[in-house]
Each structure stands twice: as C-alpha cells, then as structure tokens.
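The opening residue of the sequence shown carries number 35 in our numbering; numbering runs sequentially from there.
For each residue, glycine too, the CB sits at the ideal point set by N, CA and C.
Presented below is the structure to which this report refers.
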Amino acid sequence: SAQTAYTLEECVEEAVNNNLKLRNADNEVRMSEARRKEAFVNYFPTLSAMGGGFVSNKGFLYMDMGESSVSMLKNGLVAGVTATQPVFVGGQVVRGNQLAKIGEEASRLRRNLTENEIRLTTESYFWQIVMLKEKLVTLHQVETQLANAEKDARAAVDAGIRNRNDLLQVRLKRNEMRITRIQVENALRVARDLLAQYIGHFQDSIDVAFVVDYDFSANPASLYVSPESALGQVNEYQLLDKQLEANKTQYKLSLGKYLPSVVVGGGYLYNDFMDKSRTNWLGMVSVSVPLSDWWGGSHELKRRKMEVRNAENVKLEQSQLLIIRMRKTWNDMADACKQLAIAKESIEQSMENLRLNTDYYQAGTATISDLLDAQTLYQQSRDKYVEAYTNYEVKKREYLQATGR
C-alpha cells in the first residue's frame with residue numbers, strides 16, 4: 035500500500051499534536067488553571083439570598099378578649115440579601131491563591147516533561163526505522179555481490195578451475211542473507227507500526243524520509259554547557275522548586291487557620307407578617323479567635339515545618355542527581371561520537387579489503403571463504419556505522435533534554 039513518508043520534524047510535530055498521553059497532560063494544565071480561577075473568586079464578597087413564607091389555618095398568636103378574639107401570624111413572607119467580606123483570615127485567601135498558582139505552574143512543567151518524553155520516544159522510533167532501512171540497503175548490496183560471486187564460482191567450476199564446494203558456500207551465504215532480510219523486514223514493519231501509533235496515525239502506512247550520510251562528522255563540543263549553569267533551565271529542577279515553594283506556602287496556609295479572623299458584612303431584609311411590609315438594612319462585624327485549636331494546631335505546624343525541610347533535602351539530592359545525569363548523557367554522546375568515527379573508518383577499510391579479495395579470488399590467489407569473509411566484514415562495518423549514527427542522534431537528544439534544551 036502507498037506509504038506517507040515523514041521527516042523527523044514532521045514525526046515529532048505529529049506526535050506532539052496527536053499523542054494521547056500529551057493530551058491528558060494538556061487537560062491537567064487546564065484543570066490547574068480552572069483551580070487557580072476558582073481560588074481567585076475567594077477575593078470577592080460572598081453574596082447569598084434567602085426567602086420564605088408560610089400559610090396556616092389559624093394564627094400562631096391567638097388572644098381571647100371575652101366577647102372577641104384576636105388571631106395573628108396566620109401567614110407571612112420574609113426575604114433578604116446578605117453579603118460578607120473577609121477582611122483578615124490569617125492570609126488564607128492569599129496563600130490559597132498562591133498555592134493554586136504554584137499548582138498550575140507545576141502542571142505546566144509536568145506537561146513539558148511529558149512532551150520531552152514523547153519527543154525522545156518519537157526520535158528513538160524514527161532512528162530505529164532509519165537503521166533498519168539502511169540495513170536493507172546494505173543487504174541488497176551484499177546480495178548483489180553474492181550473485182556476482184555465484185556467477186564467477188559457477189564459471190570457475192564449469193571450467194574445472196574450482197571445485198563445487200565454492201559454489202555451495204556462496205549459495206549457503208545467499209540463503210543466510212535471505213533469512214537476515216526476512217528478520218530485518220519484519221522488524222521494520224513492527225517499527226513502522228509503533229511509530230504510526232505513537233504519532234496518531236495507527237491506521238496509516240507510514241515511512242520515514244531520511245538518507246544516511248556516510249561522510250557525517252559530529253561535533254559534540256559545540257553542544258556542551260556547564261551542568262551547574264544549565265541546572266536552572268531543567269524542567270525537573272524547576273519542578274523541585276515548585277514543590278518546595280508549595281510546602282512553604284502550605285505551612286503559611288496552616289498557620290493562618292489559627293490566627294484571628296475578621297469578617298464584615300451587610301444585608302437587606304424584607305418581611306410581611308401581619309399584612310404590613312417592613313424593610314431593614316443591617317451591618318455586621320465578626321471577630322473569631324481560635325483558642326482550643328492551637329492545641330492540635332501546634333502539632334500540625336510542626337509537621338508542616340518538617341515537610342518543608344524534607345522538600346529542601348529532596349531538592350538538594352535531586353539537584354545533585356540531575357547534574358550527574360547531565361555529565362552521564364554528555365559522556366554517552368561523546369562516546370557515541372567516537373564510535374561513529376571508528377565505524378566510519380572501518381567502512382573504508384572493509385571496502386578496500388573486499389575489493390582486494392574480489393580481485394584475488396578472480397585471479398585465483400584467494401579462496402571463496404576469504405571473499406565471503408570480506409563481504410561479511412563489509413556488511414558488519416556498514417551495519418555498525420548506521421547503528422552508531424542513529425545511536426549518536428538519540429544520545430544527542432538525551433543530552434539536550436538533560437540540559438534543559
């Protein structure tokens with residue numbers, strides 16, 4: 035079936051737009067934003083309205099006056115509107131809003147971490163497909179060489195120059211290449227399906243658009259940054275900051291629960307109980323001082339302080355581990371670059387070795403085993419090069435993400 039070929043940038047863009055895990059992370063950000071807006075409402079006065087009425091078969095108040103009687107409150111109506119505004123509640127409103135804002139910022143950082151994970155996984159799938167496709171290219175070259183070798187061996191056998199064993203060895207090698215091709219093609223189909231599912235094109239037949247450069251020269255030194263200077267740009271470190279800030283704010287929020295609170299309010303009341311309407315305006319001030327709560331509150335505040343200290347310790351430890359991760363990913367990338375250079379040199383040597391053994395075999399000074407060994411070395415050198423090439427690209431992405439880029 036027809037396949038749509040995607041570049042690396044297009045694969046990453048599709049994954050960011052369609053990956054279900056990132057969609058959930060986006061929803062978490064929206065939920066945090068809604069919680070922040072919900073907390074902001076607490077700055078405004080609280081309004082409430084009430085109303086009620088009653089009808090009775092006789093008045094609630096009855097007075098017997100001899101020859102006559104008086105019955106009152108047989109029906110009535112009451113309604114009102116009140117508003118209250120906290121003036122001081124120990125900073126709980128302010129701290130609650132700060133905590134909601136920290137939660138929103140933390141959810142955005144977690145979303146960034148999810149996106150980084152998706153980018154890295156997408157690139158890993160992409161480079162795996164590139165590697166397998168290039169191995170098929172190498173297999174095609176080796177199969178062509180083996181076909182020529184079989185032709186030469188058959189001619190030599192027919193001429194009586196070589197024995198039939200040479201021809202059998204070539205055919206066995208060709209069968210081995212056929213088995214290898216089946217394995218690589220199957221792995222390639224699976225890798226394409228995995229990439230298609232990951233970028234949101236599960237039902238599509240996709241391919242990747244990339245040509246391996248066998249003259250590629252990596253320069254990792256241009257990407258290096260000091261771990262200490264890059265630490266503040268790393269999402270994980272910023273998330274540690276937010277966790278510590280949240281613990282400190284939570285402590286202040288708990289402290290505010292045990293401070294005096296002052297609330298002012300006012301309202302409008304209307305009633306009609308004895309066929310006469312009346313209205314009232316009222317104002318109120320409420321001062322609340324928690325006394326017995328301090329007994330348990332002191333233990334809560336002590337617990338909150340310990341949570342802050344634990345968060346500080348976690349931040350210190352994780353910061354050190356983040357720096358270690360930067361150094362490790364740098365070493366991994368540098369090592370991958372060295373392996374790539376060695377693999378590039380090996381290709382040149384294996385090509386020359388194959389050329390010489392081909393000439394020697396045709397001249398009758400080398401055996402078919404020498405020629406087949408040379409072809410195997412050539413295949414292995416190309417395979418190792420493309421493995422080193424794709425491994426370097428993955429290690430580069432890991433280092434860039436580890437340093438906040």
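Check, Outcome
"8 Å Cβ shell around Arg359 - same chain, five flanking residues per side excluded", "Ala436"
"Distance between Ser90 and Tyr304 (C-alpha atoms, nearest Å)", "20 Å"
"Classification of Ser256 by the beta-carbon crowding that lies within 10 angstroms, buried from 16 upward", "exposed"
"Chain-order list of residues whose beta-carbon lies under 7 Å from that of Glu139 (same chain, five-residue window excluded)", "Lys276"
"Ordered list of beta strand (DSSP E) runs contained in the stretch 53-101, each at least 3 residues", "80-89 and 95-99"
"Close beta carbons around Leu406, own chain, < 6 Å, minus the five adjacent residues each side", "Lys207"
"Sequence-distant residues of its chain with Cβ nearer than 6 Å to Arg69 (five each side left out)", "Ala134"
"For Thr22, the first and last residue of its enclosing beta strand (DSSP E)", "The chain is shown from 35 up to 439; residue 22 falls before or after that span and cannot be answered."
"Alpha-carbon spacing of Lys349 relative to Leu278, whole angstroms", "8 Å"
"Ile152, buried or exposed, once every other Cβ within 10 Å from all chains shown has been counted against 16", "buried"
"DSSP bridge partner residues for Pro120 (one or two, in chain order)", "Val297"
"DSSP-derived helix/strand/coil call for Asp241", "strand"
"Closest residue to Ser332 among Ser403, Leu289 and Pro261 (Cα-Cα distance)", "Leu289"
"One or two residues paired with Asp200 in a DSSP bridge", "For Asp200, which the question treats as bridged, DSSP gives no partner whatsoever."
"Under the three-state DSSP convention, the category Thr363 falls into", "helix"
"Range covered by the alpha helix (DSSP H) that runs through Tyr412", "Ile402 to Ala436"
"Through-space distance from Gln354 to Asn344, alpha-carbon basis", "16 Å"
"Residues bridged to Val115 [DSSP beta-bridge criterion]", "Ala83 and Tyr302"
"Cβ distance (whole Å) where Leu136 is taken to contact Arg226 below 8 Å", "A small fix is needed here, since residue 136 is Ile in this sequence, not Leu. Wrong, their Cβ atoms sit about 42 Å apart, outside the cutoff."
"Where the alpha helix (DSSP H) containing Tyr159 begins and where it ends", "Gln126 to Asp192"
"Chain-order list of residues whose beta-carbon lies under 7 Å from that of Leu287 (same chain, five-residue window excluded)", "Gln126, Arg129, Gly130 and Leu133"
"Contact set for Arg361: own chain, Cβ-Cβ below 8 Å, skip 5 residues either direction", "Pro261"
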